[in-house]
Structure formats: structure tokens, C-alpha cells
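Chemist: Structure incoming, see below.
Numbering (the numbering used here), first residue to last: 95 to 193.
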């Protein structure tokens, strides 16, 4: 298995756009992910120069990404906003609680 398999495993990797948001919003989102058990690879890179964040909801791993450098095919083949990610993640969390 390759270096990024934990980040791209299965069909649960979501591409979250953090393009055109300020440093504070990026930090808040990274804190949200960490609070929910996500391991974030190269968090400083995300804060400083990242446009996108690959987030795998099954493996609870996140990694920075740049335009034109795909790690895998994201869920829905589309980047989504932080707000949209939180909505989707809350839906999945509700299902996990029912198990």
C-alpha cells in the first residue's frame, strides 16, 4: 500500500475547498476536524498555502492538496465548502451513533 492509501481508501474521501478563506477560518476548520478525531497531515502546510483539503471520513485522516494535484477521485467528483462538509459529516455521525 502506498503513502496516501489511508487518505484515499474506499469512496469516502471528500475534497473540501478552503480557497479564498482566511487563516482564522482554516484554523477553525482544522480544530473542528481534530475535535472529531481526524489526523491532519502537514497541518502547517494547510494553513499557509493550501487550496483544498482531502478528508477521508472512514479513516478519519485529512491531508492538504493543491489545484491540479489529485490524490484520488473525490466523492461526487466535486470539491465542496466547509459548511457542506460539516453537514455531510453530521449525517454520517448520526448513523454511526445508531450502530
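We treat Cβ as the ideally placed atom computed from N, Cα and C, and that holds for glycine.
Just so you know, these numbers come straight off a predicted model, no measurement behind them.
1. Quick check on residue 131: buried or exposed, where buried means 16 or more other Cβ atoms within 10 Å of its Cβ?
2. If you count every other CB in all the chains shown that lies within 10 Å of the CB of residue 151, and 16 or more means buried, which is it?
3. Pull up the CB-CB distance for residue 156 and residue 127, whole angstroms please, since I reckon it's below 8 Å.
4. According to DSSP, simplified to helix, strand and coil, what is residue 127?
5. Quick one: give me the first and last residue of the beta strand (DSSP E) that residue 111 is part of.
6. Between 117, 154, 167, 168, which has its C-alpha nearest residue 144's C-alpha?
7. Which partner residues of residue 148 appear in the DSSP bridge assignment?
8. DSSP beta-bridge partners for residue 174?
9. Mind checking which residues open and close the beta strand (DSSP E) that includes residue 134?
Modeler: Looking at the coordinates:
1. When all chains shown are included, residue 131 counts as exposed.
2. buried
3. Between residue 127 and residue 156 the Cβ distance is about 6 Å, and since that is below 8 Å, they are a contact.
4. helix
5. 107 to 111
6. Minimum Cα-Cα distance from residue 144 among the listed residues 117, 154, 167, 168 corresponds to 117.
7. Residue 148 is bridged by DSSP to 109, 157.
8. 110
9. 133 to 135
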